[in-house]
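Heads up, the thing below is written out as structure tokens.
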Amino acid sequence: MENIVTVVDWLFLLFYLCLNSAYSFLLFCSLIDILIHNRRRIDVELDHSLERYFTTPVSIVAPAYNEEATIVASVRSLLALRYPEFEVVVVNDGSKDKTVEVMKKAFELYPIHSIFQRQINTKEVRNIYKSRIEPRLTFVDKNNGGKADALNCGVNIARYPLFCAIDADTLILPNALLKVAIPFMEDPVRTVASGGTIRIANGCIIRSGDIEQIGFPKNPLAAFQVIEYLRAFLFGRIGWNLFGGTLIISGAFGLFSRHAAIEVGGYAHDTVGEDMELVVRMHRYLREKKRPYRIVFVWDAACYTEVPEDLAVLGRQRDRWQRGLIDVILRHRRMTLNFRYGVIGLMAYPFFAIFEMLGPIIEVTGIVFVAFSYVLGLTDVTFMILFLNVAVLFGIMLSIAAILLEELSFSAYPRWWDIFRLCIYALLENLGYRHLTLIWRIKGFYSFFRGSKQWGTMVRKGFGPQS
Amino acid sequence: MPNSRFWEEPLYRLVLQITFAQILFLASVIAGIILIRSLKLYRQKKNKRISQELFTPLMKFLSKESSIDEAFRALKKYPRHNICMELERYALMLKGSALADIRVLYECLNLRKHGKRLNRSFFWWRRLEGVRLLGAAGGEEVSGELLRRLADSHNIVQLAAARSLGSIDDPSAIEPIVRIMAESKQMSRRQLAQTLIAFGPAVQPYLRELVRKEITEPRDSRFIAMILEVLALTGDLESGPEIRAALMSPHLEIRIAAFKSAIILHLPLSPIELKNGLTDEQWPVRAQAALASGKLGDLTIGDELGNCLCDRSWWVRYNAGAALFQLGPLGIEKLEYIAQHAEDAFARDMAIRTLTSDPSYQALADHSDILKRLQPSGQKPGHAEKA
Chain X
5 MENIVTVVDW LFLLFYLCLN SAYSFLLFCS LIDILIHNRR RIDVELDHSL ERYFTTPVSI
65 VAPAYNEEAT IVASVRSLLA LRYPEFEVVV VNDGSKDKTV EVMKKAFELY PIHSIFQRQI
125 NTKEVRNIYK SRIEPRLTFV DKNNGGKADA LNCGVNIARY PLFCAIDADT LILPNALLKV
185 AIPFMEDPVR TVASGGTIRI ANGCIIRSGD IEQIGFPKNP LAAFQVIEYL RAFLFGRIGW
245 NLFGGTLIIS GAFGLFSRHA AIEVGGYAHD TVGEDMELVV RMHRYLREKK RPYRIVFVWD
305 AACYTEVPED LAVLGRQRDR WQRGLIDVIL RHRRMTLNFR YGVIGLMAYP FFAIFEMLGP
365 IIEVTGIVFV AFSYVLGLTD VTFMILFLNV AVLFGIMLSI AAILLEELSF SAYPRWWDIF
425 RLCIYALLEN LGYRHLTLIW RIKGFYSFFR GSKQWGTMVR KGFGPQS
Chain D
129 MPNSRFWEEP LYRLVLQITF AQILFLASVI AGIILIRSLK LYRQKKNKRI SQELFTPLMK
189 FLSKESSIDE AFRALKKYPR HNICMELERY ALMLKGSALA DIRVLYECLN LRKHGKRLNR
249 SFFWWRRLEG VRLLGAAGGE EVSGELLRRL ADSHNIVQLA AARSLGSIDD PSAIEPIVRI
309 MAESKQMSRR QLAQTLIAFG PAVQPYLREL VRKEITEPRD SRFIAMILEV LALTGDLESG
369 PEIRAALMSP HLEIRIAAFK SAIILHLPLS PIELKNGLTD EQWPVRAQAA LASGKLGDLT
429 IGDELGNCLC DRSWWVRYNA GAALFQLGPL GIEKLEYIAQ HAEDAFARDM AIRTLTSDPS
489 YQALADHSDI LKRLQPSGQK PGHAEKA
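Respectively, the protein sequence lines represent chains X and D. Going by the working numbering, the first sequence runs without a break in its numbering and finishes at 471. Going by the working numbering, the second sequence runs without a break in its numbering and finishes at 515.
Structure representation (structure tokens):
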């Protein structure tokens with residue numbers, strides 16, 4: 005019995021070791037990439053040459069569902085972006101609140117005849133509006149069909165060869181669209197998608213859709229999410245990007261070739277992880293067609309979004325993310341360890357399947373198992389300390405290292421006090437918060453196999469005069 | 129059972145050592161964060177202070193309140209890096225005699241030599257600084273150095289060199305830049321094209337000649353298409369014959385670029401040229417020709433535009449509708465007729481969409497009456513490409 009327990013204990017330890025080692029490797033790759041990138045003075049290059057005639061025009065597609073609190077500020081911020089030629093297509097997905105009225109009033113909308121290029125099937129469009137004061141704005145009012153349906157509708161209506169999918173509550177930094185479009189201008193034939201970094205707007209001072217001052221959130225739950233997002237974007241995605249293994253381009257800010265998105269059939273309606281699913285489907289389709297392509301993550305193109313400050317809402321969000329992940333992994337499972345899909349099939353997919361999808365179950369079982377075996381006297385102190393080292397202290401190291409990457413890259417938080425709080429939250433994140441998210445993700449498993457397709461509601465404070 | 133004297137075990141000691149190593153790592157990363165932040169803040173403060181201190185002597189010098197010697201004495205006590213940054217900022221903003229004065233300062237402070245030294249660096253980012261410095265410093269002797277940098281192994285240095293050559297207006301750089309552009313990837317081409325546009329009319333004769341030579345059998349049709357657009361963006365009104373020849377090119381990209389260039393230059397295209405474009409076998413050319421028809425044509429091509437409203441491609445129909453609207457009252461009348469009487473449902477729908485898209489049209493009472501009478505095709509809103 006004791007031998008079996010010891011073997012199982014060591015297996016759990018090995019899992020944690022592999023997980024954190026893999027993250028450390030990604031972190032190391034990200035560090036190198038950030039250091040090299042910092043030398044490029046990319047902003048100077050942008051200022052000099054990208055703001056003029058030869059940039060590819062972009063349609064920004066923003067689906068909106070019950071966004072009356074934030075929609076006007078978000079659209080204003082989108083219209084203020086620095087980009088030579090773009091349009092904004094806001095798709096109201098059958099909101100039950102006053103989204104349509106608020107938009108009509110703020111932008112003096114008038115209806116036009118609803119004719120558009122239907123290349124992807126969507127729910128019925130009720131009306132298409134243009135604005136009397138802002139010719140670059142198109143507002144689409146359609147029946148409710150979910151986020152993917154709204155995005156597909158926006159893709160149909162978009163006029164330009166590139167479309168930028170964003171959430172209606174996202175605030176994009178003025179230069180970010182230009183930066184995220186660079187891969188398309190560098191290699192217009194092969195590039196099919198690129199995505200930027202998502203940062204947290206809670207705690208920032210926002211006026212008229214502009215971020216006036218970046219601040220650290222006061223709410224502890226939002227503060228924990230800052231650390232999470234830093235880890236996810238600053239080393240998870242940068243690291244994978246170096247190997248061409250980008251599997252997720254966040255729905256909050258991603259730029260796609262319209263032609264490529266239509267060719268693969270647009271966003272899938274029957275999943276809650278439509279953003280990841282589209283990217284994975286693009287990988288799969290283009291690899292199967294043996295067409296050269298690239299999907300790129302541009303870390304210094306940043307946008308800000310509001311995150312939940314309430315346990316129930318956050319729990320629902322994590323539940324949904326996990327369901328989306330499981331769905332995508334299972335849907336495209338034939339890519340796993342398949343040579344035909346290169347880095348994606350051999351590295352990224354197994355990593356996501358084992359560490360991201362199954363990770364929560366293995367991690368929680370491991371913690372419970374080791375804790376019980378210690379209490380029952382089946383495991384010694386030495387192993388327990390080693391386990392805590394690998395499972396907790398290693399995690400803290402990674403979180404703190406993510407703050408180092410933040411300092412080397414964005415260095416967005418201006419005050420010393422913010423850095424201090426970041427470090428404290430990085431420490432605390434691994435002493436409870438992370439485990440709470442694991443439980444929500446396990447709940448996501450349960451919901452997935454029960455067949456839940458719920459999105460859950462997000463309570464927003466809105467980007468008022470001062471949020 | 130677990131060993132009760134676990135602290136004597138070698139494994140326990142090892143685990144403790146690992147723990148200490150981890151804590152040490154954590155402490156060093158935190159120290160690293162503090163160090164990086166402190167250094168950044170220190171540099172920011174220092175640069176800001178120096179920038180403020182440099183402002184007064186530079187302003188005095190530029191407004192002729194102080195001599196070059198006084199300016200030199202005031203500036204030389206500051207780090208060269210800061211002076212270069214500040215002067216570059218001014219050089220980018222200023223023109224004419226003020227820019228010439230700044231360039232005198234570069235000479236006095238011996239910064240051109242410094243730029244040349246940077247250009248020989250092994251590290252590309254230092255070479256980049258070098259070419260930017262030389263671009264801001266200007267002067268005849270820097271051209272050769274910058275031309276050599278056009279062949280730099282690093283793409284960003286190449287582009288910066290081209291831009292610097294553009295900023296010092298050295299026409300001898302045009303030919304090498306075009307040569308590099310022909311061999312570059314698409315992104316670099318765009319940036320080099322911007323540089324060529326910065327040269328203005330000086331590039332026109334060479335580019336016209338290039339287009340003339342290559343229009344029938346181009347080495348790279350995308351490259352020639354871009355050159356055509358550059359010509360138009362420099363406002364070359366003499367490039368009409370080249371653009372007209374390009375309209376007949378067998379290459380799709382060149383035909384599209386020719387219509388785009390004609391729009392930029394407001395080149396009056398003949399109805400036959402527009403009709404040829406509107407009936408081109410490739411839909412992107414038809415779409416571009418429809419755009420050009422709205423901007424450059426007249427009602428003699430009204431029927432062809434009307435036919436384009438029945439085109440298989442959405443974009444051709446869309447642009448043709450917009451073009452008819454742009455042609456004025458008679459074009460609008462034609463759209464109204466199509467909207468009410470056309471047999472083709474796609475044409476009818478697009479005509480209605482075009483008419484309803486314009487707020488001023490909706491505002492006019494006569495027209496709003498017509499709009500009320502218009503009956504959409506009865507299809508589901510929005511439809512795909514025609515089969």
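Beta carbons: idealized from backbone N, C-alpha and C, even for Gly. All values reported here derive from a predicted model rather than from experimental measurement.
| message | Following a CB-centred definition, is arginine 298 of chain X positioned closer than 7 Å to any heavy atom of the ligand ATP? | response | For the structure depicted, the ligand ATP is absent and the ligand set is empty, with no information on it obtainable.
Requested in this report: Only counting runs of 4 or more residues, tell me where the alpha helix (DSSP H) segments fall wholly within the region 378-463 of chain X, in order along the chain.
Outcome: 385-392, 398-412, 420-432 and 438-454
In chain order, what residues of the same chain have a beta carbon less than 8 Å from the beta carbon of proline 354 of chain X, not counting five sequence neighbours either side? Contacts found: Thr340 and Leu341.
### Task
For the region 396-418 of chain X, enumerate the residues whose C-beta is nearer than 9 Å to any C-beta of chain D, in chain order.
Leu397, Phe398, Ile400, Met401, Ile404, Ala405, Ile407, Leu408, Glu410, Glu411, Leu412 and Ser415
Contacts around isoleucine 97 of chain D, its chain only, beta-carbon distance under 8 Å, and the 5 residues preceding and following it disregarded
Summary: the structure shown does not reach residue 97 of chain D, with chain D confined to residues 129 through 515, and so no result is reported for it.
- Could you check what DSSP says for glutamate 310 of chain X in three-state terms: helix, strand or coil? Correct three-state label for glutamate 310 of chain X: coil.
### Query
Between valine 196 of chain X and tyrosine 297 of chain X, is the Cβ-Cβ spacing less than 8 Å?
yes
- [ ] State the DSSP-derived secondary structure class of isoleucine 252 of chain X, mapped to helix, strand or coil.
- [x] Isoleucine 252 of chain X: coil per DSSP, three-state reduction.
Cβ closer than 7 Å: which chain D residues qualify as neighbours of cysteine 427 of chain X?
Neighbours of cysteine 427 of chain X in chain D, taken as residues whose beta carbon is under 7 Å from its own, are Ile158 in chain order.
| said: Less than 8 Å between CB atoms is the rule here; does leucine 520 of chain X satisfy it with respect to chain D? | reply: Residue numbering for chain X in the displayed model covers 5 to 471; residue 520 of chain X lies beyond these limits and cannot be assessed.
Checklist line | C-alpha gap between glycine 381 of chain X and arginine 445 of chain X, whole angstroms | finding: 30 Å
First and last residue of the alpha helix (DSSP H) that includes valine 444 of chain D? 442-454
Own chain, CB closer than 6 Å to tyrosine 151 of chain X, minus 5 neighbours either side, in chain order: According to the sequence as given, residue 151 of chain X is lysine; it is not tyrosine. Its chain contains Pro67 as the residues whose beta carbon lies nearer than 6 Å to that of lysine 151 of chain X, once the 5 sequence neighbours on both sides are disregarded; these appear in chain order.
| request: For leucine 177 of chain X, count neighbouring Cβ atoms within 10 angstroms of its own Cβ and tell me buried if that reaches 16, exposed if not. | output: buried
Whole-number beta carbon distance between isoleucine 204 of chain X and valine 311 of chain X, since they are thought to touch under 8 Å
5 Å
query = For lysine 176 of chain D, which option in D:Tyr206, D:Ala374 and D:Lys313 has the closest C-alpha, if you only look at C-alpha atoms?
reply = D:Tyr206
Counting only beta-carbon atoms, is aspartate 191 of chain X nearer than 8 Å to chain D? With 8 Å as the cut-off, aspartate 191 of chain X counts as an interface residue toward chain D.
**Item:** Integer Cβ distance of serine 198 of chain X from leucine 259 of chain X, believed to fall under 8 Å
**Value:** 5 Å
From X:Ile8, X:Phe19, X:Glu6 and X:Asn7, pick the residue whose C-alpha is nearest to that of glycine 370 of chain X; which is it?
X:Phe19
Whose C-beta lies closer than 8 Å to the C-beta of leucine 166 of chain X among residues of the same chain, with five residues either side of it excluded? Thr60, Pro61, Val62, Ser63, Ala185, Phe188, Leu259, Phe260, Ser261 and Arg262, listed in sequence order.
Worksheet entry | Helix, strand or coil at asparagine 96 of chain X [DSSP, three-state] | strand
* To do: Kindly say whether isoleucine 266 of chain X, judged by its beta-carbon, lies nearer than 8 Å to any beta-carbon of chain D.
  => no
Please determine if the region 210-219 of chain D and the region 255-267 of chain D are in contact, where contact requires at least 3 C-beta pairs separated by less than 8 Å.
yes
Practice task
Specify the secondary structure class of glycine 199 of chain X as computed by DSSP and reduced to three states.
Solution key: strand
Is phenylalanine 359 of chain X helix, strand or coil when you go by DSSP?
DSSP, reduced to helix, strand and coil, places phenylalanine 359 of chain X within a helical segment of the structure shown.
Q) Listed from N- to C-terminal order along the chain, which residues in the region 164-190 of chain D have their beta-carbon within a distance smaller than 7 Å of any beta-carbon of chain X? A) Ile164, Arg165 and Lys168
ask   = Are three or more beta carbon pairs between the region 262-280 of chain X and the region 225-244 of chain X nearer than 8 Å?
value = no
Note to self: Counting only Cβ-Cβ distances shorter than 8 Å, please list the residues of the region 465-485 of chain D near chain X, keeping chain order.
What the structure shows: Asp477, Met478, Ile480, Arg481, Leu483, Thr484 and Ser485
Helix, strand or coil for aspartate 145 of chain X? Go by DSSP, reduced to three states.
Look at aspartate 145 of chain X here: in three-state DSSP terms it is strand.
Review point. Lysine 313 of chain D touches chain X at which residues, Cβ-Cβ below 8 Å?
Key: Glu190 and Asp191
Which value, in whole angstroms, describes the spacing of the CA atoms of lysine 244 of chain D and glutamate 273 of chain D?
Going by the C-alpha atoms only, they are around 7 Å apart.
Classify leucine 278 of chain D as helix, strand or coil using the three-state DSSP reduction. coil
| What is the rounded straight-line gap between the Cα of isoleucine 407 of chain X and the Cα of isoleucine 161 of chain D? | 8 Å
(Q) Using the Cβ count rule (16 or more neighbours within 10 Å means buried), how would you classify isoleucine 2 of chain X? (A) Given a span of 5 to 471 for chain X in the structure shown, any question on residue 2 of chain X remains unanswerable.
Self-check item: Closer than 8 Å to chain X by CB, glutamate 401 of chain D
Solution: no
(Q) I'd like to know if the region 429-443 of chain D and the region 403-412 of chain D are in contact, where contact means that at least 3 CB-CB pairs between them fall below 8 Å. (A) yes
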